[in-house]
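By this note's numbering, the letter at position 67 of the sequence shown is numbered 308, and the numbering carries on one by one without gaps.
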Amino acid sequence: MTTTAKPRTVRCPACGGPSEYSPANAWRPFCCERCKNHDFGAWASESYRVADPAVPGGDAAEGDTLPRH
Ligand SMILES: [Zn+2]
Numbered sequence: 242m243t244t245t246a247k248p249r250t251v252r253c254p255a256c257g258g259p260s261e262y263s264p265a266n267a268w269r270p271f272c273c274e275r276c277k278n279h280d281f282g283a284w285a286s287e288s289y290r291v292a293d294p295a296v297p298g299g300d301a302a303e304g305d306t307l308p309r310h
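Here it is, written out as structure tokens:
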């Protein structure tokens with residue numbers, strides 16, 4: 242008796258729930274599209290925040306030092 246080919250299950254990085262790690266899961270290692278988008282959104286916004294040197298109303302900071310991170 243052979244065990245049925247079970248889809249490998251991993252932990253979803255976004256919600257920590259079980260995620261099917263197989264070609265059937267287009268969002269692996271995430272469990273669903275929502276989790277994937279959520280994770281990417283967080284990453285993107287963080288990256289955007291760091292990469293964007295523009296400050297709202299940055300006119301006043303014109304005379305200030307430029308590389309001020
Ligand atoms: Zn998830």
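The beta-carbon is built from N, C-alpha and C at its ideal position, and this holds for glycine as well.
All of these numbers come straight from a predicted model, not from anything done at the bench.
Spatial neighbours of Cys256 in its chain, beta-carbon cut-off 7 Å, leaving aside the 5 residues before and after:
Its chain contains Cys272 and Cys276 as the residues whose beta carbon lies nearer than 7 Å to that of Cys256, once the 5 sequence neighbours on both sides are disregarded; these appear in chain order.
Proximity winner among Pro308, Ala267 and Pro297, relative to Cys253 (alpha-carbon distances)
Checked all of Pro308, Ala267 and Pro297; the closest Cα to Cys253 is Ala267.
So, helix, strand or coil for Arg252, using DSSP?
In the structure shown, Arg252 falls within a strand segment according to DSSP collapsed to helix, strand and coil.
Is the beta carbon of Ala265 within less than 6 Å of some heavy atom of ligand 1?
When distances are taken from the beta-carbon of Ala265 to the heavy atoms of ligand 1, even the shortest one reaches 6 Å or more.
Under 6 Å from any heavy atom of ligand 1, does the C-beta of Ala255 make it?
Within the cutoff, so yes.
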